[in-house]
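For the sequence shown, numbering that gives the first Met the number 0 begins at 0 and goes up steadily by one.
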Amino acid sequence: MKIALQLYSLRNYLKTEEDILETLTKVKDIGYKNVQLSGIGKFTKEKVEIFSRITKALGLDVVATHVDFNQLESSFDEIVAYHQMLGCKYLGIGALPEGYDRKNLNDYQKFIFKANHYANLLKEHGIKLVYHHHAFEFAKINQFLPMQVIIQNMMSSNFTIEPDLYWLQFAGVPPIHFIETYQNKIDIVHIKDMKVKMLDHWTTIAQFAAIGDGNMNYKNILSAMKGFNIDYIIVEQDEFYGEDPFVEIKRSLDAILSYRLNVSL
Numbered sequence: 000m001k002i003a004l005q006l007y008s009l010r011n012y013l014k015t016e017e018d019i020l021e022t023l024t025k026v027k028d029i030g031y032k033n034v035q036l037s038g039i040g041k042f043t044k045e046k047v048e049i050f051s052r053i054t055k056a057l058g059l060d061v062v063a064t065h066v067d068f069n070q071l072e073s074s075f076d077e078i079v080a081y082h083q084m085l086g087c088k089y090l091g092i093g094a095l096p097e098g099y100d101r102k103n104l105n106d107y108q109k110f111i112f113k114a115n116h117y118a119n120l121l122k123e124h125g126i127k128l129v130y131h132h133h134a135f136e137f138a139k140i141n142q143f144l145p146m147q148v149i150i151q152n153m154m155s156s157n158f159t160i161e162p163d164l165y166w167l168q169f170a171g172v173p174p175i176h177f178i179e180t181y182q183n184k185i186d187i188v189h190i191k192d193m194k195v196k197m198l199d200h201w202t203t204i205a206q207f208a209a210i211g212d213g214n215m216n217y218k219n220i221l222s223a224m225k226g227f228n229i230d231y232i233i234v235e236q237d238e239f240y241g242e243d244p245f246v247e248i249k250r251s252l253d254a255i256l257s258y259r260l261n262v263s264l
């Protein structure tokens, strides 16, 4: 089980080639060796060439992406070529794509049937398709969970779930129970902590936090996860609420390493 950083966390620092070099150099200096490429908008040859060149020069491995499923459909050969250029095994779909109704179970089925097809095509190129969830997949529709529909219809052996432990916790689903239940359909996992902010006397909200700064017991969670065949735990923090993102992603890495679980960089 290796550690990676989800670059969506630093999406505001990846706008130009100069930004990308500066940001990824900081990521490497902090101690990360693996990254997930996301938050860069539509994948283009120019963007991918820049990221490929800089990550290789810095010795960073691009282990996963998040790609718009609609772009995968419309530009399949190009997306495959981009992943081969990056040397990337996992092609992630970040959420139910635009054009599909999150409140309609039939739309989840339509998406998954299409995704199975592309997962089988990707297998021929040594690329695996993964689906990253949020909390809406756990909002019941006619007493059914969309997540159940998704998992039950994942027919391709080359198509797996990318659990996000924050969103599992947010949805009231015990993260380790979910991973244990579906361990044969999981290769990579998003990890981010959850803290509680008090807005007034009666109102509290959940917020993203660096690993170890929130209320999720990540030492126990990661210890339990070592019993499963997971390739990468991917650190992500969607928002920083005015804090320095680079300080925060370092806090996450330092916390994970402090647990002394023999997790690899």
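Just so you know, even glycine gets a beta-carbon here, dropped at the ideal spot from N, CA and C.
Note that the structure is predicted; figures quoted are calculated from it, not measured.
From I160 to N214, what distance separates their C-alpha atoms?
Locating residue 160 in the sequence shown gives position 161, where the first residue counts as 1. Locating residue 214 in the sequence shown gives position 215, where the first residue counts as 1. Straight-line Cα distance between these residues: approximately 24 Å.
On the three-state DSSP scale, how would you describe S74?
Position 75 of the sequence shown, counted from the start, is the residue given in the question as residue 74. Correct three-state label for S74: coil.
Would you mind giving the Cβ-Cβ distance between I187 and V234, rounded to the nearest angstrom? I have them listed as a contact below 8 Å.
Start at 1 with the first residue of the sequence shown, and residue 187 comes out as number 188. Start at 1 with the first residue of the sequence shown, and residue 234 comes out as number 235. With 8 Å as the limit, I187 and V234 do not qualify as a contact, their Cβ atoms being about 12 Å apart.
When DSSP builds the beta bridges, which residues end up paired with G3?
Position 4 of the sequence shown, counted from the first residue, corresponds to residue 3. Looking at the sequence itself, residue 3 is Ala, so the reference to Gly does not match. Answer by DSSP bridge pairing, in chain order: I233.
Going along the chain, which residues of its own chain have a beta-carbon closer than 8 Å to the beta-carbon of I49, five neighbours each way excluded?
If you number the sequence shown from 1, residue 49 lands on position 50. Same-chain partners within the cutoff: E16 and I19.
Among the candidates A114, I178, F68 and S8, whose CA atom is the shortest distance from the CA of M154?
For the purposes of this step, residue 154 is taken as the residue at position 155 of the sequence shown. Comparing Cα-Cα distances from M154 to each of A114, I178, F68 and S8, the minimum goes to A114.
Are L90 and L120 close, meaning C-beta to C-beta below 8 Å?
By one-based count along the sequence shown, residue 90 stands at place 91. By one-based count along the sequence shown, residue 120 stands at place 121. Cβ distance not < 8 Å, so L90 and L120 don't count as in contact.
Measuring only the C-alpha atoms, how far is M0 from I232?
Reading the sequence shown from its first residue, position 1 is the one you call residue 0. Reading the sequence shown from its first residue, position 233 is the one you call residue 232. So the alpha carbons of these two residues sit roughly 7 Å apart.
For the stretch 52-62 and the stretch 75-92, state whether three or more C-beta atom pairs, one from each stretch, are separated by less than 8 Å.
Yes, the stretch 52-62 touches the stretch 75-92.
May I ask you to report which of helix, strand or coil DSSP gives K46?
Indexing the sequence shown from 1 puts residue 46 at position 47. Three-state DSSP puts K46 in a helix.
Using DSSP bridges, identify the partner residues of I185.
Here residue 185 refers to the residue found at position 186 when the sequence shown is read from its first residue. Per DSSP, I160.
Starting from T180 and walking both ways along the alpha helix (DSSP H), at which residues does that stretch end?
The sequence position of residue 180 within the sequence shown is 181, counting from 1. Run containing T180: P174 to T180, per the alpha helix (DSSP H) assignment.
Which residue's Cα is closest to the Cα of V68: G93, E242, K44 and G171?
Counted from its first residue, the sequence shown places residue 68 at position 69. Looking at the sequence itself, residue 68 is Phe, so the reference to Val does not match. Nearest option by C-alpha distance: G93.
Quick one: give me the first and last residue of the alpha helix (DSSP H) that I220 is part of.
Walking along the sequence shown from the start, residue 220 turns up at place 221. Y217 to M224 is the span of the alpha helix (DSSP H), which, as asked, contains I220.
With the cut-off set at 8 Å, would you say L23 and T54 are in Cβ contact?
If you number the sequence shown from 1, residue 23 lands on position 24. If you number the sequence shown from 1, residue 54 lands on position 55. Taking a C-beta distance under 8 Å as the contact criterion, L23 and T54 qualify as a contact pair.
Just verifying my parser: in three-state terms, what is the DSSP assignment at Q142?
In the sequence shown, counting from the first residue as 1, residue 142 sits at position 143. In the structure shown, Q142 falls within a coil segment according to DSSP collapsed to helix, strand and coil.
Should A208 be labelled buried (16 or more other beta-carbon atoms within 10 Å of its own) or exposed?
For this step, residue 208 is matched to residue 209 along the sequence shown. Looking at its Cβ environment, which holds 16 or more other Cβ atoms inside 10 Å, A208 is buried.
Tell me the residue span of the beta strand (DSSP E) that contains I92.
Here the question's residue 92 lines up with position 93 in the sequence shown. Where I92 is concerned, the enclosing beta strand (DSSP E) stretches over Y89 to I92.
Does L309 pass the burial test, meaning 16 or more other C-beta atoms within 10 Å, or should it be called exposed?
A question about residue 309 goes unanswered here, because the residues of the chain that appear run from 0 up to 264.
At the level of alpha carbons, what is the spacing between E238 and N228?
Reading the sequence shown from its first residue, position 239 is the one you call residue 238. Reading the sequence shown from its first residue, position 229 is the one you call residue 228. Cα-Cα distance, rounded: 29 Å.
Exposed or buried, which one is V246 when buried takes at least 16 other CB atoms within 10 Å?
Counted from its first residue, the sequence shown places residue 246 at position 247. V246 comes out exposed.
With distance defined between alpha-carbon atoms, name the residue in Y240, I210 and D243 nearest to I255.
Here residue 255 refers to the residue found at position 256 of the sequence shown. The candidate whose alpha carbon is nearest that of I255 is I210.
Can you tell me whether DSSP reads F245 as helix, strand or coil?
Position 246 of the sequence shown, counted from the first residue, corresponds to residue 245. Three-state result, F245: helix.
If you reduce the DSSP assignment to three classes, tell me which class T203 lands in.
The sequence position of residue 203 within the sequence shown is 204, counting from 1. Looking at T203 - three-state DSSP - the assignment turns out to be strand.
Which residues does DSSP pair with S263 in a beta bridge?
In the sequence shown, the residue the question calls residue 263 occupies position 264. DSSP lists K1 as partners of S263.
Of all the options F169, F158 and N157, which has the alpha carbon lying nearest to the alpha carbon of F137?
Taking the first residue of the sequence shown as 1, we reach residue 137 at position 138. Residue nearest to F137 within the set F169, F158 and N157 is F169 (criterion: CA-CA distance).
For F110, count neighbouring C-beta atoms within 10 Å of its own C-beta (all shown protein chains included) and say buried if the count is 16 or more, exposed if not.
Position 111 of the sequence shown holds residue 110. Under this definition F110 is a buried residue.
Do L167 and F177 have their CB atoms nearer than 8 Å?
As a first step, residue 167 must be located in the sequence shown, where it is residue number 168. As a first step, residue 177 must be located in the sequence shown, where it is residue number 178. Going by C-beta atoms, L167 is nearer than 8 Å to F177.
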